[in-house]
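Report on one structure; see the data block that follows.
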Amino acid sequence: MVMAASEFCAVCICGGIGAVCRFALDGAVRRLWKHSFPLSTFIINALASFAIGIIAGIAAHPRMYGFLPPAADPAAARMIIATGFLGGFSTFSTAVNETVSLARCKKYGTCIGYFFSIATVPVLCVALGYFIVK
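Per my numbering: the sequence shown ends with 153, consecutive numbering throughout.
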């Protein structure tokens with residue numbers, strides 16, 4: 020798929036907006052949550068996964084495109100939202116780094132729990148988002 024310059028710019032802008040939203044949510048959760056479990060990254064990735072599931076569900080059921088303006092390209096809209104905004108919002112690499120940091124700090128129980136939660140919860144969130152749309 021060849022991306023038009025306007026789509027490229029939209030992905031870049033939405034990626035920046037997603038990153039700013041992640042930064043804001045991360046800061047808000049960290050102010051409220053003072054435990055070693057990295058809850059902010061967990062919440063961010065769960066929300067992004069749920070949203071990707073919704074987008075995948077809409078893509079699988081074209082009748083759901085009714086919310087788009089008539090001239091909108093559904094594939095471009097998915098790319099802008101999923102790759103742009105949600106790509107900037109989600110942060111799998113941070114989750115993996117936090118898992119390693121927990122192990123380095125000898126918080127093995129939290130590390131194991133976090134490892135399994137970041138491997139399973141996002142998958143469940145994608146499935147939930149997909150099946151809610153279906």
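The beta carbon of each residue, even a glycine, is placed where N, CA and C say it ideally should be.
| Check | Outcome |
| --- | --- |
| Classification of residue 76 by the beta-carbon crowding that lies within 10 angstroms, buried from 16 upward | buried |
| Alpha-carbon spacing of residue 95 relative to residue 148, whole angstroms | 20 Å |
| Distance CB(residue 103)-CB(residue 39) smaller than 8 Å | no |
| Backbone secondary structure at residue 30 - three-state DSSP | helix |
| Proximity below 8 Å, CB of residue 72 to CB of residue 138 | no |
| 6 Å Cβ shell around residue 126 - same chain, five flanking residues per side excluded | 55 |
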